[in-house]
Amino acid sequence: MDKDLENHGLNIIDIEKVYHTKNGDVHALSKTNLHVHRKEFVALLGTSGCGKSTLLRMIGGLTEQTSGTIIYDNRELTKPSAEVGMVFQKYTLFPWLSVEKNIGFGLKQKKEKTNAEIHEIVNQYVDLVGLRGFEKLYPKSLSGGMQQRVAIARALANDPSILLLDEPFGALDTTTREIMQELLLDVWQKSPKTIVMVTHDVEEAVFLADRVVVMSARPGRVREIIDIDLDRPRDYRVKSSQKFIEYKMRAFELIREESMKLMKEGI
Ligand code: ADP
Ligand code: MG
Numbered sequence: 019m020d021k022d023l024e025n026h027g028l029n030i031i032d033i034e035k036v037y038h039t040k041n042g043d044v045h046a047l048s049k050t051n052l053h054v055h056r057k058e059f060v061a062l063l064g065t066s067g068c069g070k071s072t073l074l075r076m077i078g079g080l081t082e083q084t085s086g087t088i089i090y091d092n093r094e095l096t097k098p099s100a101e102v103g104m105v106f107q108k109y110t111l112f113p114w115l116s117v118e119k120n121i122g123f124g125l126k127q128k129k130e131k132t133n134a135e136i137h138e139i140v141n142q143y144v145d146l147v148g149l150r151g152f153e154k155l156y157p158k159s160l161s162g163g164m165q166q167r168v169a170i171a172r173a174l175a176n177d178p179s180i181l182l183l184d185e186p187f188g189a190l191d192t193t194t195r196e197i198m199q200e201l202l203l204d205v206w207q208k209s210p211k212t213i214v215m216v217t218h219d220v221e222e223a224v225f226l227a228d229r230v231v232v233m234s235a236r237p238g239r240v241r242e243i244i245d246i247d248l249d250r251p252r253d254y255r256v257k258s259s260q261k262f263i264e265y266k267m268r269a270f271e272l273i274r275e276e277s278m279k280l281m282k283e284g285i
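Sequential numbering from 19 applies to the sequence shown in my numbering.
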């Protein structure tokens with residue numbers, strides 16, 4: 019790969035975060051470096067409170083870093099932009115808008131496209147996330163899994179270069195969660211983006227990602243990166259393969275060690 023291409027993608031350089039609170043400083047993230055290739059799927063895995071959401075929010079420009087730089091291709095990311103789409107664990111749809119209006123919201127705001135063009139794009143994403151027939155409904159009449167599909171479609175409709183996912187399936191039951199994981203892989207295959215996904219679920223991380231970044235406990239930093247060399251497209255059957263089990267065990271051991279550290283510190 020030539021030098022220029024190597025530098026493409028998301029570059030997290032010496033990022034650090036200290037929250038100043040009235041009860042003192044909280045060192046959420048110590049100096050962290052990470053390079054995510056264009057269209058790579060990276061999972062951030064770590065114990066609760068290790069700074070995963072903080073890191074994601076800094077990439078998304080929602081939280082300001084204490085020091086360090088975040089660059090995508092050659093541009094520094096400092097504030098929320100259409101280049102970065104986000105989906106959170108908590109359902110964040112606009113309750114007063116229908117499914118299709120939710121998906122088209124960002125495009126409408128931008129005022130760059132005609133209503134007909136927006137309608138066409140929205141329709142494309144309705145199909146992509148399997149919501150055909152539900153597009154006129156309001157969020158309250160949808161299941162959690164469906165609401166998250168709308169949230170994913172809404173994020174993708176703006177055609178971001180980066181998709182940030184913060185435990186997007188955390189509130190779903192196990193089976194729905196597994197189906198959503200497969201759906202996400204399918205969507206990503208058809209509409210490739212650079213994805214950084216936060217999760218504390220070891221199996222989810224290994225199943226989805228090209229690389230699993232295991233973070234150490236508070237203050238967070240990169241503890242180890244596990245390359246997941248499993249063929250794509252992947253479906254749930256890969257979970258019973260020897261390689262999958264080995265990756266899962268490695269990630270599990272690391273997370274266990276980090277949890278034990280927290281316990282010893284009495285947290
Ligand atoms: P994770 O997503 O890995 O569970 P977070 O990034 O949410 O972790 O939090 C990392 C640490 O920073 C935690 O100790 C948390 O309490 C603290 N923290 C997060 N957000 C804030 C905030 N806005 N103000 C003060 N402390 C915060
Ligand atoms: Mg979090």
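By construction, the Cβ of each residue, glycine as well, lies at the ideal position given by its N, Cα and C atoms.
Do Lys70 and ligand 2 come close, with the Cβ less than 6 Å from some heavy atom? As a working note, residue 70 is residue 52 in the sequence shown. For ligand 2, at least one heavy atom lies less than 6 Å from the Cβ of Lys70.
How many Å lie between Ile89 and Glu82 at the Cα? Within the sequence shown, numbered from 1, the residue matching residue 89 stands at position 71. Within the sequence shown, numbered from 1, the residue matching residue 82 stands at position 64. Taking the straight line joining both Cα atoms gives about 14 Å.
Tell me whether Val36 counts as near ligand 1, meaning its Cβ is closer than 6 Å to at least one heavy atom of that ligand. As a first step, residue 36 is located in the sequence shown; it is residue number 18 there, counting from the start. Checking every heavy atom of ligand 1 against the Cβ of Val36, none is found closer than 6 Å.
Touching or not, the segment 208-220 and the segment 250-263, by the rule of three or more beta carbon pairs under 8 Å? no
For Ser209, which of helix, strand or coil comes out of DSSP? For the purposes of this step, residue 209 is taken as the residue at position 191 of the sequence shown. Coil at Ser209, not helix or strand.
Do Phe59 and Ile180 have their C-beta atoms closer together than 7 Å? The residue you call residue 59 lines up with position 41 of the sequence shown. The residue you call residue 180 lines up with position 162 of the sequence shown. For Phe59 and Ile180, no; Cβs fall outside 7 Å.
Heavy atom of ligand 1 less than 6 Å from the Cβ of Val231, yes or no? Numbered from 1 along the sequence shown, position 213 holds the residue referred to as residue 231. Not one heavy atom of ligand 1 is found less than 6 Å from the C-beta of Val231.
Where do the ends of the beta strand (DSSP E) carrying Ile243 lie? Indexing the sequence shown from 1 puts residue 243 at position 225. 240-245 is the extent of the beta strand (DSSP E) around Ile243.
CA nearest to the CA of Glu242, picked from Asn51, His38, Val36: Here residue 242 refers to the residue found at position 224 of the sequence shown. Minimum Cα distance to Glu242 is reached at Asn51.
Residues in the same chain with beta-carbon distance under 6 Å from Phe152, minus the five sequence neighbours each way, listed in chain order, please. Translated into positions along the sequence shown, residue 152 becomes position 134. If we look at Phe152 and ignore the five residues flanking it on each side, its Cβ neighbours are Val117.
Less than 6 Å between the CB of Gly86 and some heavy atom of ligand 4, yes or no? Ligand 4 is absent from the structure shown, which contains only ligand 1 and ligand 2.
What separation, rounded to the nearest whole angstrom, lies between the Cα atoms of Leu63 and Met233? Numbered from its first residue, the sequence shown carries residue 63 at position 45. Numbered from its first residue, the sequence shown carries residue 233 at position 215. Roughly 6 Å between the two C-alpha positions.
So, using beta-carbon positions, are Ile121 and Ala171 closer together than 7 Å? Taking the sequence shown and counting its residues from 1, one reaches residue 121 at position 103. Taking the sequence shown and counting its residues from 1, one reaches residue 171 at position 153. It is a contact, given that the beta carbons lie within the stated cut-off.
Residue(s) in a DSSP beta bridge with Tyr156: Taking the first residue of the sequence shown as position 1, residue 156 is located at position 138. Tyr156 is not bridged to any residue.
Can you determine whether any heavy atom of ligand 1 sits closer than 6 Å to the C-beta of Ser367, and answer yes or no? Since the first residue of the chain shown is 19 and the last is 285, residue 367 is not available in this structure.
Spatial distance of Asp91 from Asn29 (CA atoms): Numbered from its first residue, the sequence shown carries residue 91 at position 73. Numbered from its first residue, the sequence shown carries residue 29 at position 11. Approximately 8 Å between the Cα atoms of the pair.
Please name the residue or residues paired with Ile31 in a DSSP beta bridge. As a first step, residue 31 is located in the sequence shown; it is residue number 13 there, counting from the start. According to DSSP, Ile31 bridges with Thr87.
Segment limits, alpha helix (DSSP H) that includes Asp145: Translated into the one-based positions of the sequence shown, residue 145 becomes position 127. Note, Asp145: alpha helix (DSSP H), 133-146.
Cβ-heavy atom distance, Val140 to ligand 1, below 6 Å: Taking the sequence shown and counting its residues from 1, one reaches residue 140 at position 122. Because no heavy atom of ligand 1 lies under 6 Å away, the Cβ of Val140 does not count as near it: no.
Sequence-distant residues of its chain with Cβ nearer than 6 Å to Met215 (five each side left out): To locate residue 215, count along the sequence shown from 1; it is residue 197. Closer than 6 Å at Cβ, skipping near neighbours: Ala61, Leu183.
With a threshold of 6 Å (Cβ to nearest heavy atom), would Thr39 be considered close to ligand 1? Start at 1 with the first residue of the sequence shown, and residue 39 comes out as number 21. Yes; taking the cut-off as 6 Å, the Cβ of Thr39 has a heavy atom of ligand 1 nearer than that.
For the segment 63-126, which segments carrying the alpha helix (DSSP H) assignment without a break, of at least 4 residues, lie completely within its bounds, in sequence order? 70-77
Local conformation of Arg195 per DSSP, three classes: Position 177 of the sequence shown, counted from the start, is the residue given in the question as residue 195. Arg195: helix per DSSP, three-state reduction.
Of the residues Ala100, Lys108, Phe106, Gln107, which one's Cα is nearest the Cα of Phe18? Residue coverage of the chain in this structure runs from 19 to 285, which leaves residue 18 outside it and unanswerable.
Considering Lys49, what are the terminal residues of the beta strand (DSSP E) in which it resides? Position 31 of the sequence shown, counted from the start, is the residue given in the question as residue 49. Unbroken beta strand (DSSP E) run through Lys49: 42-54.
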